[in-house]
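Reviewing the structure listed below.
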Amino acid sequence: MFFSVVIPTYNRRPILEKCLRAMENQVLRADSVVAGYEIVLVDDGSTDGTVEWLQASTDEFAHVKLYEQNHEGAAIARNFGVQKAEGDTIIFIDSDLVVLDGFLQYHADALNKAYEQGNERVFTYGRVVNTCNFDHPTSEPFKVTDYSRAFFATGNVAIAKKWLLEAGLFDAQFTQYGWEDLELGVRLKNNGLSLIKCPEAVGYHWHPAFSVEELPELIDKEIQRARMGVVFYQKHPTLDVRLMIQMTWLHRVLWGGLSLGGLLNEKTLGPTLKWLIDRGHPQASQELSRIFLNWYNVNAVYAAHQSTKQLEAK
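The UniProt record's numbering puts the sequence shown at residues 1 to 314.
Here it is as structure tokens:
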């Protein structure tokens, strides 16, 4: 087993440094089934000096192979990385993920156990812990809000390259934020792949502490996610996908009711959100903002779906 760790990155140099150093410090047992590994880093048109820094630091990152592309999004970057990968097994992580030194070995052990039992159509999904602790990201404990029911998510997953090629890789239609990994997950499931949870292979997903200043960007992400959600539904028009992208009457009633039809929004709740942050509760502030962020998402989903139907009718 040879691992190719595929990492797309865009303007994340500070946390990328921690990500790559953690990957370089992997410890494999003497009897490991892992023959070795490479880190396939695809820079998606960064403008923060990422490429220049890496080119000047090749001695520090012996496993890193750097590839560059124009800013085309994570789906295309991951496809590029898989195509360049020399390994038979792909691990996807994000460039803001910091792992412990046994990360690769835990994924390898879980995969190998399934293979020895005669089950090759599997992939492993590690645990992701969200943290805003930049100095010591791996000190963050697992929280209820870190629990995920996603079938296939590229934040921390290991899978044989042949299954990705069989499924057709990521769909390049997903040019904006969201859903490209879950959509691929649907195709993998349809091809008979099953998930093996591997909580020991934990990754710490760093993001800045929530602030009211980032709300415009978060609202834009929700609108992008809604548009891509409709692309997802066009490919897989099932109830499961409708539930995932929040395109049901239940979601309209839930978030419409909680937001009082949009009366509770970034402007009216802004002072409360800031008050919580100032008192040391950015997580609570962020959870409260989900009320109106989800309402933005639901409205954008229905608007995008209606626009698609109008185009199809012409």
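Built from N, CA and C at the ideal position, the CB exists for glycine as well.
{"query": "May I have the straight-line CA-CA distance separating leucine 239 from glutamine 69, to the nearest angstrom?", "result": "36 Å"}
{"query": "Measure the C-alpha to C-alpha separation of aspartate 275 and cysteine 132 and round it to an integer number of angstroms.", "result": "The amino acid at residue 275 is misidentified as aspartate; the sequence shows tryptophan. Looking at the two C-alpha atoms, the distance is approximately 19 Å."}
{"query": "According to DSSP, is arginine 135 part of a helix, a strand, or is it coil?", "result": "According to the sequence displayed, residue 135 carries aspartate and not arginine. Reduced to three states, the DSSP call for aspartate 135 is coil."}
{"query": "Give the DSSP-derived three-state secondary structure of asparagine 119 in the structure shown.", "result": "coil"}
{"query": "Could you please give me the residues that DSSP links to asparagine 156 through a beta bridge?", "result": "Ile93"}
{"query": "Starting from tryptophan 206, follow its DSSP beta bridges and name the residues at the other end.", "result": "Thr131"}
{"query": "How is the alpha helix (DSSP H) around proline 8 delimited, first residue to last?", "result": "It is not in any alpha helix (DSSP H) - proline 8 instead sits in the beta strand (DSSP E) that spans 2-9."}
{"query": "Which stretch, first to last residue, makes up the alpha helix (DSSP H) that contains glycine 270?", "result": "270-278"}
{"query": "Alpha carbons only, please: which of Val230, Cys198, Arg12 is nearest the one belonging to arginine 127?", "result": "Cys198"}
{"query": "For isoleucine 91, I'd like the list of residues in its chain whose CB is within less than 6 Å of its CB, leaving aside the five on either flank, ordered along the chain.", "result": "Phe3, Val5, Ala158"}
{"query": "Can you check whether the CB of histidine 205 is closer than 8 Å to the CB of aspartate 59?", "result": "no"}
{"query": "Return yes when the Cβ of phenylalanine 170 is within less than 8 Å of the Cβ of alanine 75, no when it is not.", "result": "yes"}
{"query": "Along the chain, which unbroken stretches of the beta strand (DSSP E) at least 3 residues long are found entirely within the segment 221-309?", "result": "none"}
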